[in-house]
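Using the working numbering, read the sequence shown as starting at 460 and increasing by one per residue.
Glycine included, every Cβ here is placed at the ideal spot set by N, Cα and C.
Down below is the structure, laid out as structure tokens.
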Amino acid sequence: MMGRPTLESVPRLLPAPDAARYIGISGNYLRTLGLLRRVLGKCRLHERYDLDAFVSSMEIEGGDVDTLEKDIGECGKLFGAGS
Numbered sequence: 460m461m462g463r464p465t466l467e468s469v470p471r472l473l474p475a476p477d478a479a480r481y482i483g484i485s486g487n488y489l490r491t492l493g494l495l496r497r498v499l500g501k502c503r504l505h506e507r508y509d510l511d512a513f514v515s516s517m518e519i520e521g522g523d524v525d526t527l528e529k530d531i532g533e534c535g536k537l538f539g540a541g542s
């Protein structure tokens, strides 16, 4: 039985179908995002780091990053993990 893929097993450059799968969206939606691609011969490939940066820049549901970090810190204090 094969395990879940690890980050080390994901190639740095991905064709559109794999790039879409990597960030959990459809190939059609990926094409609408206008993300930059790398050129290798006739291939147009998405760089994994660019995909990660795109996902990290997305809005967080229910608040901004500062609010989320504050909430995580308060939760950690409740469970003895905060400082």
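Asked	Found
DSSP-derived helix/strand/coil call for glutamate 506	strand
CA-to-CA distance, arginine 497 to histidine 505, given in whole angstroms	6 Å
Extent of the continuous alpha helix (DSSP H) to which arginine 497 belongs	Premise fails: arginine 497 lies in the beta strand (DSSP E), 497–499, not in any alpha helix (DSSP H).
Proximity winner among Val469, Phe538, Pro474, relative to glycine 500 (alpha-carbon distances)	Pro474
According to DSSP, residues forming a beta bridge with leucine 494	BP columns for leucine 494 are empty, so no partner.
CA nearest to the CA of aspartate 509, picked from Glu467, Cys502, Phe538, Ile482	Ile482
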